[in-house]
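Our numbering puts the last residue of the sequence shown at 789; the count rises by one with no breaks. Worksheet: the structure to be examined is printed underneath.
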Amino acid sequence: MASSSLLRERSKALPKLLSRLSLLRPMGGGPRTFPGGLNKWQYKRMHEKMARQKERRLLQQEKQLYQARLRSEIRAKLAGKASSDAADSSSSSIGGYGPMSSKDHIKALADRFMKPGAEDLWNEDDGPIRSAPRKRPTDPAPPIDLRKLATDRRNLMEDRVGESRSYLASFDQRRQYSVAAGRGLRPGSKPRWRQNSSSEEDSDLESGCNLEGDTAKMYRETKLGVKKDSRFPRFSIRSEEELDEGGGKIARKKMMSGAALGNYDVKAERRVPRPVEERSNFAKEIEEIRSELRNRDLYRNDARHQRAQEETLLTKRRFDEFSISPLTIKALADARYVQMTVVQEAALPVCLEGKDALVKAKTGTGKSVAFLLPAIEAVLQTMRNTLNQRVLPINVLILCPTRELAIQIAAETNVLLKYHDGIGVQTLIGGTRFKLDQKRLDSNPCQIIVATPGRLLDHIENKSGFSARLMGLKLLILDEADHLLDLGFRKDIEKIVDSVPRQRQSLLFSATIPKEVRRISQLVLKRDHVFVDTVGLAGVDTPIKVLQSCLVVPHELHFHLVYHLLKEHIMQEPDYKAIVFCTTAMVTAFMYVLLRDLKMNVREMHSRKPQLYRSRISEEFRESKNIILVTSDVSARGMNYPDVTLVIQVGIPSDREQYIHRLGRTGREGKDGKGFLLLAPWEEYFMDDVNDLPIEKSQPPELDSDMKQKVEDSIEKIDPSIKEAAYHAWLGYYNSIHEIGRDKTMLADLANRFCHSIGIDKPPALFRKTALKMGLKGIAGIRIRK
């Protein structure tokens, strides 16, 4: 019994012991909760709540600042001070980052909550963006004497004018000739001379005056040597020098006969205005007026002369004339950069002085070198001032809209850093692993970063020490600023600007300056920044030597016409290099497969391809000849492909700026090129947006029936999945264009025509969610998947 009771007691204690042992059993993976005992979702919600609280605190601070600013303005008005004076004093803060006025504050708050793509309703009453008032000269220029203008225009007094004046002066002093009897004048009065008098009066004068000997001979030679102006036969024009030699008296003009009218025919000359009398030399001013009028007439009336007189891409200034490092000059010479382009000559002096600048320049004019040289000089200056730093700071940050452009700029930077030891450059772009970027930054420290906004923001928000390195930033550069904003990077740019020091130099480069670029320039640049415009108000935004043509043909013939234009161009150009731009990535893939089946040397590039493939194709196209690149808009901006001879744009571009950037891939560095724009009849309204560009509307060529059949046979061979993807992409693109997408019924009909052009009899079905987002549910001609 005792043993059984003992076993019974032990059996009761056994579960308790097992439970304790189970609590002590290791889990095998460490703690599976976040700090504070929270799981992943609780931790995420907590951080979202903290972010909302931070946003509310910031808004409360903004509200308090705004109310304080209003109170200060009210006090200033009560004290008798104008609010404008307060605003002016605030603008003179250190570094140009003084407190904003109340209107600027309201505008900044409004822009902060504006959604991408929303219409800007900021009007004149809310606070317009005004340019600086033009300074008017204090001393107005004196009026121009037309008599002097006509006198200098006719070169009447050249070699013999000195002899004539000396003779007339000596003759005027000899008052003993008996002229009064012959001319009806009083004794002692002087005879009056007229340069433009008729031949009869000259003969009367010679017969009336008793001129003898060498004096008369000299007068005849002088009179015959002066060329008469037949345009002004009744007027006598004298210079001030002649009036001074005549004793300072006002010359009078004889009308008809003195014997018949007495002194009633004497007409006094109009007195010259006093400001004109005080100035004696108008030759320089007259020459400037003539040259200005001449140039204006040439630019207005003679287009061919305008093209001949247009400024060339290269100027006479050299890089070694500026205070640039000798090692950089040596690298420029090795790259055959000796003379500057127009944009480099205009922008380099401003950028090297450390000023903020907004630069507008055409594509292919050397903008990259214009901001890379100041970037290198900024790094060299920082290295001279600071030595033995444990963590190498990032001195220059360059933002680009696309990965290809970032890789290209990094390559150009390495060319300029050929002889600089200790200066490095790295790229931070999408399509690569984040940890590999961190490893490269740790193993190869650099002072210059070329990045796309999305990947750069990932590194800033990640707590890896990258933000601390950005605290040493000296220069911020935004290349292709208009495209950065078009791609929706405005919020990313605002976050990046908040993460870098305010005491810095900033540069914005863009081919066009729309309203959004002006807005972002107010955020990035200082108030006293410099605007450098190398295009001008009357300039043409497209390359001058590129022949632009527009062909309006039915959409069903676009693929046939592309093949015809390429074949014709290959026959004309031995070293051809062509780019075909399509509207979407999947339409690009369809065009590539079609041209490849037609036995053409073609490559494709679009956003659906991985980054390694895109980099390889871009480098291959840059180095090759006799090649065709079919691409979407990823290659439209900033890419420097040398010696491109032809650009074909299939379909309507998204806007005017996109057309300009696409066309800018050819005609770079002042070379020749051709550009074709293929539009359907319902896309012809786009020509109104580019009517200021020299685009010639041409008649479409006649297509051979054999060639048509060949293209249609190739279309039939294309995989149906590629055709279906091209249809979906085409429908989404044209639905996003307001002029076409607002009429859904017409859009569905046009999409069905596109289906027939790519060899699909029945339109592919859309997902119900996709149709709802596009507003196409219930539209005739649109099929929905069940």
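Using N, Cα and C, we set each Cβ at its ideal position, and we do this for glycine too.
Item to complete: Put Gln1 into one of helix, strand or coil per three-state DSSP.
Response: In the structure as shown, the chain begins at 4 and stops at 789. Residue 1 is therefore absent and cannot be evaluated.
Worksheet item: Are Arg665 and Phe584 touching if we call contact CB-CB under 8 Å?
Response: Contact check for Arg665 against Phe584 passes: the beta carbons are separated by less than 8 Å.
Discussion item. Nearest by alpha-carbon distance to Leu473: which of Ile432, Ile499 and Gln63 is it?
Written reply: Nearest C-alpha to Leu473 among Ile432, Ile499 and Gln63: Ile499.
Item to complete: Quick one: grab the DSSP three-state call for Val527.
Response: In this structure, DSSP gives Val527 a helical state, which the three-state scheme calls helix.
Worksheet item: For Lys776, which three-state DSSP category applies?
Response: Collapsing the DSSP output to three states places Lys776 in a helix.
Worksheet item: Where does Gly187 land, buried or exposed, given buried means 16+ other C-beta within 10 angstroms?
Response: For Gly187, the predicted model reports a pLDDT of 45, less than 50, meaning its position is unreliable and no value from the coordinates is stated.
Worksheet item: Whose CA, out of Phe469, Ile782, Asp461 and Arg521, lies closest to the CA of Pro396?
Response: Out of Phe469, Ile782, Asp461 and Arg521, Phe469 has the C-alpha closest to the C-alpha of Pro396.
Item to complete: To the nearest angstrom, report how far apart Lys780 and Ala381 are at their CA atoms.
Response: Roughly 57 Å separates the two Cα atoms.
Discussion item. Taking 8 Å as the threshold (C-beta atoms), are Phe679 and His1 in contact?
Written reply: What is shown of the chain runs 4 to 789, which leaves residue 1 out entirely.
Fill in: CA nearest to the CA of Ser657, picked from Gln450, Asp489, Glu623 and Leu420
Out of Gln450, Asp489, Glu623 and Leu420, Asp489 has the C-alpha closest to the C-alpha of Ser657.
Worksheet item: Leaving out the 5 sequence neighbours to the left and right, which residues in its chain are closer than 6 Å to Phe593 when beta-carbon positions are compared?
Response: If we look at Phe593 and ignore the five residues flanking it on each side, its Cβ neighbours are Ile725 and Ala729.
Practice prompt. Could you check the C-alpha separation between Ala378 and Thr430 for me, to the nearest Å?
Written response: Computed Cα separation, rounded: 15 Å.
Discussion item. Once DSSP output is grouped into helix, strand and coil, what is the label at Arg320?
Written reply: Secondary structure at Arg320: strand, using DSSP grouped into helix, strand and coil.
Practice prompt. Kindly indicate which three-state DSSP category Thr591 falls into: helix, strand or coil?
Written response: In the three-state DSSP reduction, Thr591 falls in the helix class (H, G or I).
Fill in: Whole-angstrom distance between Glu705 and Arg521, CA atom to CA atom
Distance between the alpha carbons of Arg521 and Glu705: 46 Å.
Fill in: Cβ neighbour criterion (16 or more within 10 Å) applied to Glu512
First, the residue type needs correcting, since residue 512 is Phe and not Glu in the sequence shown. Its Cβ being crowded by 16 or more others within 10 Å, Phe512 is buried.
Worksheet item: Roughly how far, in whole angstroms, is the beta-carbon of Tyr644 from the beta-carbon of Arg611, given that I think they are within contact range, below 8 Å?
Response: With 8 Å as the limit, Tyr644 and Arg611 do not qualify as a contact, their Cβ atoms being about 21 Å apart.
Discussion item. Looking at the strands, I want to know which residues DSSP matches up with Leu479.
Written reply: Bridge partners of Leu479: Leu400 and Ser509.
Worksheet entry | DSSP state of Asp359 mapped onto helix, strand, coil | Here Asp359 sits in coil by DSSP.
Worksheet entry | Proximal residues to Pro404 (C-beta, below 6 Å), its chain only, five neighbours per side dropped | Only Glu483, His486, Leu487 and Leu490 meet the Cβ criterion.
Worksheet item: Terminal residues of the continuous beta strand (DSSP E) containing Glu407?
Response: That residue, Glu407, is in no beta strand (DSSP E); its alpha helix (DSSP H) goes Arg406 to Leu419.
Item to complete: Using a threshold of 8 Å, state whether the C-beta atoms of Ile432 and Arg458 are closer than that.
Response: For the pair Ile432 and Arg458, the CB atoms are nearer than the 8 Å cut-off.
Discussion item. My assumption, with CB atoms under 8 Å, is that Pro766 sits in contact with Ala754. Please give the rounded CB distance.
Written reply: Confirmed, about 7 Å.
Worksheet item: Where DSSP assigns a beta bridge to Ser701, which residues make up the other side?
Response: Note: Ser701 is bridge-paired with Leu554 in the DSSP secondary-structure output.
Practice prompt. Let me know the secondary structure DSSP gives Gln712 once reduced to three states.
Written response: Note: Gln712 maps to helix in three-state DSSP.
Worksheet item: Between Leu408 and Tyr737, what straight-line distance do the alpha-carbon atoms span, to the nearest angstrom?
Response: Note on geometry: alpha-carbon atoms of Leu408 and Tyr737 lie some 27 Å from one another.
Discussion item. Do Leu564 and Val556 have their beta-carbon atoms positioned less than 8 Å apart in this structure?
Written reply: Taking 8 Å as the cut-off, the Cβ atoms of Val556 and Leu564 count as close.
Worksheet item: Given that a residue counts as buried once 16 or more other Cβ atoms are within 10 Å of its Cβ, and exposed if not, what is Gln411?
Response: Answer is buried; the Cβ neighbour count reaches 16.
Worksheet item: Less than 8 Å separating the beta-carbons of Asn447 and Gly427?
Response: Asn447 is a Cβ neighbour of Gly427, given a cutoff of 8 Å.
Worksheet item: Assuming Leu478 contacts Asn417 under a Cβ cut-off of 8 Å, what Cβ separation, rounded to an integer in Å, is found between them?
Response: Separation of the CB atoms of Leu478 and Asn417 is rounded to 18 Å, and the pair is thereby denied contact status at 8 Å.
Practice prompt. Could you name the residues of the same chain whose beta carbon sits closer than 7 Å to that of Leu569, not counting the 5 residues immediately before and after it, in chain order?
Written response: Within the same chain, Leu569 has close Cβ partners Ala581, Met603 and Ile631.
Worksheet item: With respect to the alpha helix (DSSP H) encompassing Val382, which residues constitute its N-terminal and C-terminal limits?
Response: Val382 -> alpha helix (DSSP H) spans Lys370 to Asn388.
Fill in: Enclosing beta strand (DSSP E) for Ala454 [first to last residue]
For Ala454, the enclosing beta strand (DSSP E) has its first and last residue at Ile451 to Ala454.
Discussion item. So, with DSSP's three-state summary, where would you put Phe770?
Written reply: Coil.
Worksheet item: To the nearest angstrom, how far is it from the Cα of Phe374 to the Cα of Leu769?
Response: The alpha-carbon separation between Phe374 and Leu769 amounts to approximately 47 Å.
Worksheet item: Where do the N-terminal and C-terminal ends of the alpha helix (DSSP H) with Val500 fall, by residue?
Response: That run of the alpha helix (DSSP H) goes Arg493 to Asp501.
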